[in-house]
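Peer 1: The structure's right below; bear with me while I get my questions together.
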Amino acid sequence: MKDDNFLRENNARHLWHPMGHPGAAQTDAPRIVRSAEGVRITDIDGHSAVDAVGGLWCVNLGYSNDKVKEAIARQLHELPYYSAFAGTTNPPAIEASWAVREFFAEDGMARVFFTSGGSDSVDTCLRLARQYHKLRGEPGRIKFLSLKKGYHGTHWGGASVNGNARFRTAYEPMLPGCFHLPSPYTYRNPFDESDPERLAQRIAAAMEDEIAFQDPSSIAAFIMEPIQGAGGVIVPHESFMKLMREICDRHGILMISDEVITGFGRTGDWSGARHWGVQPDMMSIAKGITSGYFPVGAALVNEKVAEVFEKAEAEGAIYHGYTYSAHPVGAAAVVACLEETLRLDTKSNAAARGRQLHDGVRELAGRFDIIGDVRGGHGLMTGIEIVSDRAAKTPMDAGTMKRVHQATYEAGAMVRLGMHNILMSPPLTISEAEVNTILSALEAGFSAA
Ligand SMILES: Cc1ncc(COP(=O)(O)O)c(C=O)c1O
């Protein structure tokens with residue numbers, strides 16, 4: 001390893017970072033995170049902070065899970081790679097598929113298609129949804145519905161159903177046939193409706209209207225996050241996902257629950273759909289499937305979808321997949337990670353610590369006028385919308401957001417900015433004292449605004 005001077009001099013000189021400006025990164029270089037332990041990260045200057053981001057909504061088990069690390073190391077020696085394209089498989093892939101299916105059995109999931117991450121999983125679901133309808137003799141069902149403010153990754157399909165302009169505009173035109181409904185975002189919405197239950201009904205009515213306009217027989221699937229994550233931690237009313245499920249059923253539209261963030265305990269339940277009492281037709285999962293220790297994702301389908309593929313003639317073949325689908329090292333990480341997730345019952349800690357974090361931020365909102373909206377309270381996902389004028393709900397400027405971020409970090413917590421939102425998704429293993437560290441660091445951050 002080169003010395004620290006080399007690292008500082010070459011930081012962002014040759015590497016273009018995702019979700020950032022490559023020119024700006026050369027003058028304002030990214031922080032170099034060198035090591036991590038438990039739920040804390042340490043940077044190249046030796047400063048340590050509680051990681052309220054959980055890597056990127058993914059390090060659910062914290063950074064020190066030796067069981068997962070050892071499983072990865074063992075598998076690297078046994079079989080570092082072999083293809084899982086039709087004709088060959090490997091032992092960890094078989095075990096991981098069983099473990100994932102068991103994990104999501106209560107959600108009605110019956111089959112697992114492994115991928116390398118969340119964007120892969122979303123695009124796999126979208127593709128399989130179209131193929132499902134073709135196999136059933138409804139080839140006209142090709143369109144997709146989704147929600148504004150939704151985030152579904154950055155492949156063409158996922159980006160096309162994404163509901164935030166900043167992930168789309170520079171790359172347009174997107175996939176044709178993708179249509180967006182309003183988000184269940186009570187703080188700002190086109191209906192000027194702040195009651196979450198009434199807003200859910202308004203969106204349901206808008207969905208019915210859009211389906212009638214498009215023609216139900218042209219729509220393949222509706223995709224949604226049970227709680228919108230990257231869009232700002234937008235928690236819908238408890239009736240919302242059920243309403244969407246009922247409309248999908250009535251019109252023969254498949255429901256895809258994008259569980260890339262909400263899967264594996266983050267909401268306080270093992271899946272976001274289960275949190276709202278809904279069984280989707282498909283799920284996209286990633287992140288918590290390996291706690292970020294190895295890049296793995298999966299698309300899951302229920303019995304109804306599986307049966308159509310498995311009973312079909314030759315057209316049931318899936319001509320889609322990735323070199324690293326069912327990667328043996330990734331699969332070994334999945335098996336160990338799911339064992340640890342269940343053993344530690346991370347969902348229960350997520351529920352308790354999520355409440356603590358949400359309550360603590362609400363208390364801060366009573367003292368800091370720049371807090372316009374606080375969202376969360378369902379597991380360890382908390383969003384804080386920062387404004388410069390509370391009455392006018394004016395989004396805070398980027399310079400102030402940066403100052404708040406820096407001061408929070410210096411005071412002991414790494415948080416994530418999504419425009420003028422502060423987003424938090426710490427490891428599900430976090431302790432009460434560590435949540436208090438995040439809250440006191442946020443207080444220091446807001447004081448620096
Ligand atoms: C809900 C959701 N879907 C899909 C993705 C894309 O996952 P990845 O970045 O692993 O491709 C993300 C990433 O944050 C996500 O939050």
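In this text, residue positions in the sequence shown follow our numbering: the first is 1, and each later residue adds one.
Think of the CB as a built atom: it goes at the ideal place given N, C-alpha and C, for glycine as much as any other residue.
Just so it is clear, the structure is predicted and the values come from calculations on it, not from any experiment.
1) Using a Cβ-based criterion (distance less than 7 Å to any ligand heavy atom), does residue 260 qualify as near ligand 3?
2) Expressed to the nearest angstrom, what Euclidean distance is found between the alpha-carbon atoms of residue 28 and residue 247?
3) Just to check my reading of the structure: residue 145 and residue 210 have Cβ atoms closer than 8 Å, yes? What is that Cβ distance to the nearest angstrom?
4) According to DSSP, is residue 437 helix, strand or coil?
5) If you run the structure through DSSP and keep just helix, strand and coil, what is residue 180?
6) Starting from the N-terminal side, write out each stretch of the beta strand (DSSP E) that is 3 residues or longer and does not extend beyond the segment 192-275.
7) Kindly give me the distance between the Cβ atoms of residue 123 and residue 77, rounded to whole angstroms, as I take these residues to be in contact under 8 Å.
8) Using the three-state DSSP reduction, which class does residue 295 fall into: helix, strand or coil?
9) Between which two residues does the alpha helix (DSSP H) holding residue 455 run?
10) How many angstroms separate the CA atom of residue 409 from the CA atom of residue 400?
11) Residues in its own chain within less than 7 Å of residue 298 by CB, not counting five upstream and five downstream?
12) Is it right to say residue 438 is buried, meaning 16 or more other beta carbons lie within 10 angstroms of its own, or is it exposed?
13) Under the three-state reduction of DSSP, which class applies to residue 143: helix, strand or coil?
14) By the DSSP assignment, the beta strand (DSSP E) with residue 43 in it spans what residues?
15) When burial is assigned at 16 or more other CB atoms within 10 Å of the CB, is residue 92 buried or exposed?
16) Within its chain, find whatever has a CB closer than 8 Å to the CB of residue 234; leave out the 5 residues flanking it on each side and keep chain order.
17) Can you give me the C-alpha to C-alpha distance between residue 161 and residue 349, rounded to a whole angstrom?
18) Going by the beta-carbon positions, is the gap between residue 242 and residue 277 smaller than 8 Å?
19) For a test of your reading of the model: does the CB of residue 197 fall under 7 Å from any non-hydrogen atom of ligand 1? Yes or no.
20) Helix, strand or coil: how does DSSP classify residue 389 here?
21) When you compare only the Cα positions, how much space is there between residue 334 and residue 324?
22) Between which residues of its own chain and residue 187 is the CB-CB distance below 6 Å, once the five residues before and five after are set aside?
23) What's the C-alpha gap between residue 89 and residue 189?
24) Between residue 367 and residue 232, what straight-line distance do the alpha-carbon atoms span, to the nearest angstrom?
25) Does the distance from the CB of residue 418 to the CB of residue 165 come in under 8 Å?
26) List the endpoints of the continuous alpha helix (DSSP H) containing residue 453.
27) At a cut of 8 Å, does the segment 127-142 reach the segment 357-364 through at least three beta carbon pairs?
28) Could you tell me the boundaries of the beta strand (DSSP E) in which residue 372 lies?
29) For residue 35, collect the residues of the same chain with a Cβ closer than 7 Å to its Cβ; drop the 5 residues on either side in sequence, then sort them by chain order.
30) Start and end of the beta strand (DSSP E) containing residue 64?
31) Between 331, 378, 272 and 344, which has its C-alpha nearest residue 353's C-alpha?
32) So, under 8 Å CB-CB, residue 264 and residue 341 are touching, yes? Tell me the CB distance rounded to an integer number of Å.
33) Look up residue 446 in the DSSP assignment and say whether it is helix, strand or coil.
34) Short of 7 Å in beta carbon distance, which residues of its chain neighbour residue 200, apart from the five on each side in sequence? Order them along the chain.
35) Should residue 286 be listed as close to ligand 1, given that the test is whether its C-beta is under 7 Å from any heavy atom?
Peer 2: Reading from the atomic positions:
1) Among the ligands present in this structure, namely ligand 1, ligand 3 is not found.
2) Residue numbering aside, residue 28 sits at position 28 when the sequence shown is read from its first letter. Residue numbering aside, residue 247 sits at position 247 when the sequence shown is read from its first letter. If I take the Cα positions, the gap works out to 48 Å.
3) For this step, residue 145 is matched to residue 145 along the sequence shown. For this step, residue 210 is matched to residue 210 along the sequence shown. Contact between residue 145 and residue 210 holds: CB atoms are separated by about 7 Å, below the 8 Å threshold.
4) Stepping through the sequence shown from its first residue, residue 437 is reached at position 437. Helix at residue 437.
5) Taking the first residue of the sequence shown as position 1, residue 180 is located at position 180. If DSSP states are grouped into helix, strand and coil, residue 180 belongs with the strands.
6) Whole beta strand (DSSP E) segments, 3+ residues: 219-224 and 254-258.
7) Taking the sequence shown and counting its residues from 1, one reaches residue 123 at position 123. Taking the sequence shown and counting its residues from 1, one reaches residue 77 at position 77. Their Cβ separation, rounded to whole angstroms, is 33 Å, which puts residue 123 and residue 77 out of contact at 8 Å.
8) Start at 1 with the first residue of the sequence shown, and residue 295 comes out as number 295. Residue 295: coil per DSSP, three-state reduction.
9) As displayed, the chain neither begins before 1 nor continues past 449, which places residue 455 out of reach and without an answer.
10) Residue numbering aside, residue 409 sits at position 409 when the sequence shown is read from its first letter. Residue numbering aside, residue 400 sits at position 400 when the sequence shown is read from its first letter. C-alpha separation (whole angstroms): 14 Å.
11) Start at 1 with the first residue of the sequence shown, and residue 298 comes out as number 298. Within the same chain, residue 298 has close Cβ partners 100, 112, 113, 114, 115, 121, 285 and 289.
12) Position 438 of the sequence shown, counted from the start, is the residue given in the question as residue 438. Buried, since its Cβ has 16 or more Cβ neighbours within 10 Å.
13) Counting from one through the sequence shown, the residue named residue 143 turns up at place 143. Strand.
14) Indexing the sequence shown from 1 puts residue 43 at position 43. Start and end: 40-43.
15) Position 92 of the sequence shown holds residue 92. Its Cβ being crowded by 16 or more others within 10 Å, residue 92 is buried.
16) Sequence index remark: in the sequence shown, residue 234 carries index 234 (1-based). 149, 183, 184, 185, 227, 228, 375 and 383, listed in sequence order.
17) The residue labelled residue 161 in the question sits at position 161 within the sequence shown. The residue labelled residue 349 in the question sits at position 349 within the sequence shown. If I take the Cα positions, the gap works out to 32 Å.
18) On the sequence shown, position 242 is the one that residue 242 refers to. On the sequence shown, position 277 is the one that residue 277 refers to. With respect to residue 277, residue 242 sits close: the two C-beta atoms are nearer than 8 Å.
19) Within the sequence shown, the letter at position 197 stands for residue 197. No - ligand 1 has no heavy atom lying nearer than 7 Å to the Cβ of residue 197.
20) The sequence position of residue 389 within the sequence shown is 389, counting from 1. Correct three-state label for residue 389: strand.
21) Taking the first residue of the sequence shown as position 1, residue 334 is located at position 334. Taking the first residue of the sequence shown as position 1, residue 324 is located at position 324. About 14 Å.
22) Working through the sequence shown from its first residue, we reach residue 187 at position 187. Once the five neighbours on either side are set aside, the close Cβ partners of residue 187 are 373.
23) Mapped onto the sequence shown, residue 89 falls at position 89. Mapped onto the sequence shown, residue 189 falls at position 189. Those two C-alpha atoms are separated by around 48 Å.
24) Residue 367 sits at position 367 when you count from the first residue of the sequence shown. Residue 232 sits at position 232 when you count from the first residue of the sequence shown. Computed Cα separation, rounded: 21 Å.
25) In the sequence shown, counting from the first residue as 1, residue 418 sits at position 418. In the sequence shown, counting from the first residue as 1, residue 165 sits at position 165. In this structure, residue 165 does not lie closer than 8 Å to residue 418 by Cβ.
26) An answer regarding residue 453 cannot be provided, because it is not within the stretch 1 to 449 covered by the chain.
27) no
28) Working through the sequence shown from its first residue, we reach residue 372 at position 372. Looking at the DSSP string, the run of the beta strand (DSSP E) that includes residue 372 is 371-375.
29) As a first step, residue 35 must be located in the sequence shown, where it is residue number 35. So the qualifying residues of the chain are 42.
30) Position 64 of the sequence shown holds residue 64. Run containing residue 64: none; DSSP gives neither H nor E here.
31) Translated into positions along the sequence shown, residue 353 becomes position 353. Cα-wise, what sits closest to residue 353 is 378.
32) Within the sequence shown, residue 264 is the residue found at index 264, counting from 1. Within the sequence shown, residue 341 is the residue found at index 341, counting from 1. About 6 Å; that satisfies the 8 Å criterion.
33) Residue 446 sits at position 446 when you count from the first residue of the sequence shown. If DSSP states are grouped into helix, strand and coil, residue 446 belongs with the helices.
34) Stepping through the sequence shown from its first residue, residue 200 is reached at position 200. When the five nearest sequence neighbours on each side are left out, the beta carbons in the same chain lying within less than 7 Å of the beta carbon of residue 200 are those of 184, 236, 237, 239, 240 and 243, in order along the chain.
35) Your numbering for residue 286 matches position 286 in the sequence shown. Answer for residue 286: yes, Cβ within range of ligand 1.
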